[in-house]
Amino acid sequence: MNKISKIALTAIIVFLCGIAPVYGETASNENMQVVVNGAKLPNAKAMLKNGETLLPFRAFIEGLGGKVGSDPETDALIGELNGETLKVWAGEKIMEYKQRGYYLSSPVRIIQNRTYLPIRSAAEVLGFEVVFEKKNRTVTLTKYGFGQDKSIVRLLEGYMERSLKQPLQDVFIDGYEELIYLDEQLYEGYGPYQSFETWVGVIEYPSSTRAVVTAGYRSETQVLHESVETEYSLIKIGTAWKIYKVNPMHFQMELPGDVDNTVKELEESKPAAVQNVLQDLHVYYKAMNEENYDQAMSFTSPLYIVDWNSRAQEWYKFEKILKNRFENTTTKEELLEARVLYIDDSYAAVHARILYSEQLDGEDEVEEPYEYELIISMDLIDGKRWTYNSELDINSDY
């Protein structure tokens, strides 16, 4: 906008709204203190006028670590902050920031040759919480999230670093609907971690009590390599941050490069144990395909059933889900190939290829069979039988 257009626009505003540019006012109620992120702003020259706190434009911008300039063609005062541009015009209630326009609570004023801004509305556009302490004649500006990064990083790292076993109630808001699907305990069926690295990206604060951040982890075990990236939305309740929304963004799984050597070494060093694992896994799939409820329950890990039922509503208990499956569908999962990738005294992990098909009872159409790869975790119960615990489809990357 050129200078002539700016003068014309101001004249129209004056004519239509009866608002005149504010120039040459006298100062009143000076000597107010301004504190930005805990540090006192020297020579701020803030003042209270008509119940509103005003702060010199230069003191405001430089106090935030920016630089001040001007544009003679448009009469704009310019502030450069963290690579972004802020513009204001004397006598106007408009502030431009990040190429977007915002209305201020009152016009920009010239008082004793200084340009003053209504500090609350200007600071809130930049993401600051503003508090006025009348007794101490102090205006405190605190950047949304100031001093909060460490708390959020600690919360997310504790959640992602599964070995810490952080209770989910300490991480998520009360009543979080997806809590039932999240594993509270570390499951060791994929073997001990060879490496586990978490990372937390730049945290954005839409307000003083809200935060959004992308975080993730990379892990390696003898069985599986994983890379996970998730966007977390958090809310501050009292003094504690809690997760209220989880948005999965990236999930990649792959077998280790030396997996064939691992299989061979286990077959040579623990042949009997490997044979028992594979034998009991075949029994489990045979029971499921034949819809043999008692045998299927016997070769499903009781640890898995107890964990499932502890978090499920009555109608969704494991026993009811299994019976419903047998009564209403004909599901076939043919175990084409299986090999043990990890085994110890309690856990085993199996790499398997499955041929899957399904038909709803009462319908003629059978789902086209398809093949997929799984990592199956198994628990040894009473030192006698290996039982199915859980599975991961290693081709389900996103």
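Numbering (our numbering), first residue to last: 1197 to 1594. Don't be surprised by glycine CBs; every beta carbon is placed ideally from N, CA and C. Everything numeric in this text was worked out from a predicted model, so none of it was measured.
First through last residue of the beta strand (DSSP E) which encompasses residue i
{"i": "Gln1229", "result": "1229 to 1232"}
{"i": "Ser1573", "result": "1566 to 1577"}
{"i": "Lys1432", "result": "1421 to 1433"}
{"i": "Trp1437", "result": "1436 to 1450"}
{"i": "Glu1276", "result": "1272 to 1277"}
{"i": "Phe1324", "result": "1324 to 1329"}
{"i": "Tyr1386", "result": "From DSSP, Tyr1386 is part of no beta strand (DSSP E); its letter is neither H nor E."}
{"i": "Arg1296", "result": "1296 to 1299"}
{"i": "Lys1339", "result": "1334 to 1339"}
{"i": "Ile1307", "result": "1305 to 1307"}
Backbone secondary structure at residue i - three-state DSSP
{"i": "Ile1399", "result": "coil"}
{"i": "Val1597", "result": "The question about residue 1597 has no answer here: the residues shown for the chain are numbered 1197 through 1594."}
{"i": "Phe1256", "result": "helix"}
{"i": "Ala1469", "result": "helix"}
{"i": "Ser1404", "result": "coil"}
{"i": "Tyr1413", "result": "strand"}
{"i": "Glu1269", "result": "coil"}
{"i": "Gln1362", "result": "coil"}
{"i": "Ala1286", "result": "strand"}
{"i": "Asp1593", "result": "coil"}
{"i": "Phe1392", "result": "strand"}
{"i": "Gln1475", "result": "helix"}
{"i": "Glu1320", "result": "helix"}
{"i": "Glu1280", "result": "strand"}
{"i": "Glu1563", "result": "coil"}
Distance, residue j Cα to residue i Cα
{"i": "Tyr1480", "j": "Pro1363", "result": "32 Å"}
{"i": "Gln1555", "j": "Ala1483", "result": "17 Å"}
{"i": "Leu1462", "j": "Ile1348", "result": "42 Å"}
{"i": "Glu1450", "j": "Val1459", "result": "16 Å"}
{"i": "Val1408", "j": "His1446", "result": "16 Å"}
{"i": "Glu1162", "j": "Thr1435", "result": "Because the chain in this structure spans residues 1197 to 1594, residue 1162 falls outside the shown range and cannot be described."}
{"i": "Gly1323", "j": "Met1243", "result": "22 Å"}
{"i": "Gln1229", "j": "Val1367", "result": "38 Å"}
{"i": "Leu1250", "j": "Ile1257", "result": "13 Å"}
{"i": "Asp1593", "j": "Lys1516", "result": "30 Å"}
{"i": "Val1424", "j": "Asn1233", "result": "34 Å"}
{"i": "Asn1161", "j": "Glu1357", "result": "What the structure shows of the chain is the stretch from 1197 to 1594, and residue 1161 is not part of that stretch, so it cannot be assessed."}
{"i": "Ile1274", "j": "Arg1296", "result": "14 Å"}
{"i": "Thr1311", "j": "Pro1252", "result": "5 Å"}
{"i": "Ala1319", "j": "Thr1410", "result": "26 Å"}
{"i": "Ile1290", "j": "Gln1365", "result": "45 Å"}
{"i": "Pro1467", "j": "Ile1501", "result": "29 Å"}
{"i": "Val1231", "j": "Asn1591", "result": "54 Å"}
{"i": "Ser1403", "j": "Glu1276", "result": "22 Å"}
{"i": "Val1470", "j": "Glu1464", "result": "9 Å"}
{"i": "Pro1565", "j": "Tyr1543", "result": "30 Å"}
{"i": "Leu1551", "j": "Glu1563", "result": "12 Å"}
{"i": "Glu1486", "j": "Lys1519", "result": "13 Å"}
{"i": "Phe1495", "j": "Asn1505", "result": "17 Å"}
Opening and closing residue of the alpha helix (DSSP H) in which residue i lies
{"i": "Arg1521", "result": "1514 to 1524"}
{"i": "Ser1347", "result": "1345 to 1356"}
{"i": "Ser1494", "result": "1489 to 1494"}
{"i": "Val1502", "result": "1498 to 1507"}
Residues near residue i in its chain [Cβ-Cβ closer than 7 Å; skip 5 each side]
{"i": "Val1419", "result": "Tyr1386, Gly1387, Leu1537, Tyr1538, Ala1545, Ile1571"}
{"i": "Ser1301", "result": "Glu1248, Pro1314, Arg1316, Ser1317"}
Cβ-heavy atom distance, residue i to the ligand GDP, below 7 Å
{"i": "Glu1276", "result": "Absence of the ligand GDP from the depicted structure is noted, as is the absence of any ligand whatsoever, leaving it without description."}
Bridge partners - residue i, DSSP secondary structure assignment
{"i": "Pro1314", "result": "Leu1250"}
{"i": "Ile1550", "result": "Leu1531, Tyr1568"}
{"i": "Lys1482", "result": "Paired residues: none, contrary to the question."}
{"i": "Lys1241", "result": "In the DSSP output, where bridge partners are listed per residue, Lys1241 has none listed."}
{"i": "Ser1586", "result": "Ser1573"}
{"i": "Phe1368", "result": "Ile1439"}
{"i": "Gln1418", "result": "Its beta-bridge partners do not exist; DSSP assigns none."}
{"i": "Glu1373", "result": "According to DSSP, which records beta bridges pairwise, Glu1373 is partnered with nothing at all."}
{"i": "Glu1292", "result": "Lys1283, Gly1297"}
{"i": "Lys1236", "result": "Val1231"}
{"i": "Lys1580", "result": "None, per the DSSP bridge assignment."}
Beta-carbon proximity list for residue i, same chain, < 6 Å, skipping 5 on both sides
{"i": "Glu1587", "result": "Leu1570, Ile1572"}
{"i": "Thr1526", "result": "Gln1555"}
{"i": "Ala1492", "result": "Ala1483, Met1484"}
{"i": "Gly1220", "result": "Low per-residue confidence applies at Gly1220: pLDDT is 48, beneath 50, and the placement is therefore not dependable, though the value from the model is reported in the following sentence. Cβ within range, chain order: n/a, list empty."}
Same chain only: Cβ atoms within 8 Å of residue i, ignoring 5 sequence neighbours per side
{"i": "Trp1511", "result": "none"}
{"i": "Trp1437", "result": "Gln1344, Ser1347, Ile1348, Leu1351, Ala1407, Leu1430, Ile1431"}
{"i": "Tyr1389", "result": "Ser1359, Ser1415, Glu1416, Thr1417"}
{"i": "Asn1239", "result": "Ala1255"}
{"i": "Tyr1440", "result": "Phe1368, Ile1369, Tyr1372, Ser1429, Leu1430, Ile1431"}
{"i": "Gly1477", "result": "Looking at the sequence shown, residue 1477 is not Gly but Leu. The residues are Leu1531, Ala1534, Val1546, Ala1548, Ile1572, Met1574, Trp1582, Tyr1584."}
{"i": "Gly1279", "result": "none"}
{"i": "Lys1605", "result": "The question about residue 1605 has no answer, for the chain in this structure spans 1197 to 1594."}
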